[in-house]
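**Student:**
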Amino acid sequence: MHTDRQLVADEYYGTTRILRARQRLFDFQRPRFDLHDDVASVVATAPGPVIDVGCGNGLLRARLAARRPDLDLFGVDVSTGMAPDVVGDVQAFPVADGAAGAVVAMHMLYHVPDIVTAVREMARALRPDGIAVATTNDSSSLTELYTLADHAFADVGGGPVPPRPDARFGLHHARLLAAAFGEVAVRRRAYTVVCDELEPLLGYLDSLRPAWRHLLPADAVWEDFLTAAEGRLRAVLAGGHFTDHGEAGMIIGRLPRRAG
Numbered sequence: 001m002h003t004d005r006q007l008v009a010d011e012y013y014g015t016t017r018i019l020r021a022r023q024r025l026f027d028f029q030r031p032r033f034d035l036h037d038d039v040a041s042v043v044a045t046a047p048g049p050v051i052d053v054g055c056g057n058g059l060l061r062a063r064l065a066a067r068r069p070d071l072d073l074f075g076v077d078v079s080t081g082m083a084p085d086v087v088g089d090v091q092a093f094p095v096a097d098g099a100a101g102a103v104v105a106m107h108m109l110y111h112v113p114d115i116v117t118a119v120r121e122m123a124r125a126l127r128p129d130g131i132a133v134a135t136t137n138d139s140s141s142l143t144e145l146y147t148l149a150d151h152a153f154a155d156v157g158g159g160p161v162p163p164r165p166d167a168r169f170g171l172h173h174a175r176l177l178a179a180a181f182g183e184v185a186v187r188r189r190a191y192t193v194v195c196d197e198l199e200p201l202l203g204y205l206d207s208l209r210p211a212w213r214h215l216l217p218a219d220a221v222w223e224d225f226l227t228a229a230e231g232r233l234r235a236v237l238a239g240g241h242f243t244d245h246g247e248a249g250m251i252i253g254r255l256p257r258r259a260g
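Take the sequence shown: its position 60, counting from 1, is numbered 60 in full-length UniProt numbering, and each next residue is one higher.
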C-alpha cells in the first residue's frame, strides 16, 4: 500500500524532525558512505538543471554544490515543511517537457500512489541526453529492527507490522525505470548498522508513528509501544550493541541520445 499523500506532506515530512531521526541511525553504518554524494557524483556529469524530487531537507543540494557549483538545482516536494523551491507532485510534475538535465528521486518513489506515472513524468521532464536517478533500499534491509518492532507491538496487543514501503519500490524494481528509459543500471551499497546507543534506534521506530499508530489496540497509546520497544532494545544493548544489515543504492536511467 502506498503512503497517503496528506500523511507524507503533513505528518511524515511536515517538518524535518522525522527525516533527521531516520537519518541519525545511519551514523552507525559500516562501511560509512554518503548516498547523497553518490548521487551527486552521477548527476554532476549531466547538463543542468537538476530537479530534486522529494528534496527533503536539501542534503543533495550541498553535495552537488561541492562538485558542480555551476549546476542549478531545484527542489520539489509535496511538503512545505521540507526545503523545496517548488511545492509539487511528481505524478503531475511542474516541469516543462525536456527542461531538465537530471531528475533525482531519493527514497521517495515508494510513497507515490502511481509509481509508473511518476517515472513517466520524470522521463518527460528530461532532455534527450538526460539522467534520472532513483534511490531506495533492498526490501530486506533492517530486518532485525523491524522484527523487534513487530514483537513490541505484540507485547501491547497490536500489530503486525505492515509491509515496508520499499516493498513497493526497492532496488529489485529497476524494471519500472527500464520501461521509461530503456537503459538502466543499478548500483548497490551493502552495509551493517552497529549501534550501541538507545536513542537512534528508538528514534527511528518513533519516526514511523504516523504510519504505524493504527496498529495499536484501542486501549493502548503510542508510548506503550515505545516502552515495549525500549525494553527489547535495552535487552539487546545489554549484550553490547544492536546489529542489523541492509542494502541501499541507485537505479540510474538514461534517455537514449537522438541521432544527429
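Think of the CB as a built atom: it goes at the ideal place given N, C-alpha and C, for glycine as much as any other residue.
Given that a residue counts as buried once 16 or more other Cβ atoms are within 10 Å of its Cβ, and exposed if not, what is Gly-101?
**Tutor:** buried
**Student:** DSSP three-state call for Glu-183: helix, strand or coil?
**Tutor:** strand
**Student:** Nearest by alpha-carbon distance to Glu-223: which of Leu-237, Leu-202, His-111 and Phe-242 is it?
**Tutor:** Leu-202
**Student:** Between the Cα of Asp-70 and the Cα atoms of Pro-163, Ala-218, Val-50 and Arg-209, which residue gives the shortest distance?
**Tutor:** Val-50
**Student:** Please work out which residues of its chain come closer than 7 Å, Cβ to Cβ, to Asp-206, disregarding the five sequence neighbours upstream and downstream, and give them in chain order.
**Tutor:** Ala-21 and Leu-226
**Student:** So, with DSSP's three-state summary, where would you put Thr-143?
**Tutor:** DSSP places Thr-143 within a helical segment (H, G or I) once states are collapsed to three.
**Student:** Considering only the beta carbon of each residue, do Arg-189 and Ala-134 sit closer than 8 Å?
**Tutor:** no
**Student:** Which same chain residues, not among the five before or five after Tyr-110, have their C-beta less than 6 Å away from its C-beta?
**Tutor:** Pro-165, Asp-166, Arg-168 and Phe-169
**Student:** Mark Val-78 as exposed unless 16 or more other C-beta atoms lie within 10 angstroms of its C-beta, in which case mark it buried.
**Tutor:** Label assigned to Val-78: buried.
**Student:** Give the straight-line distance between the Cα atoms of Gly-253 and Tyr-191, rounded to the nearest whole angstrom.
**Tutor:** 24 Å
**Student:** Under the rule that 16 or more other beta-carbon atoms within 10 Å means buried, what is His-107, buried or exposed?
**Tutor:** With 16 or more other Cβ atoms within 10 Å, it is buried.
**Student:** Could you spell out the range, first to last residue, of the alpha helix (DSSP H) harbouring Val-116?
**Tutor:** Where Val-116 is concerned, the enclosing alpha helix (DSSP H) stretches over 115-125.
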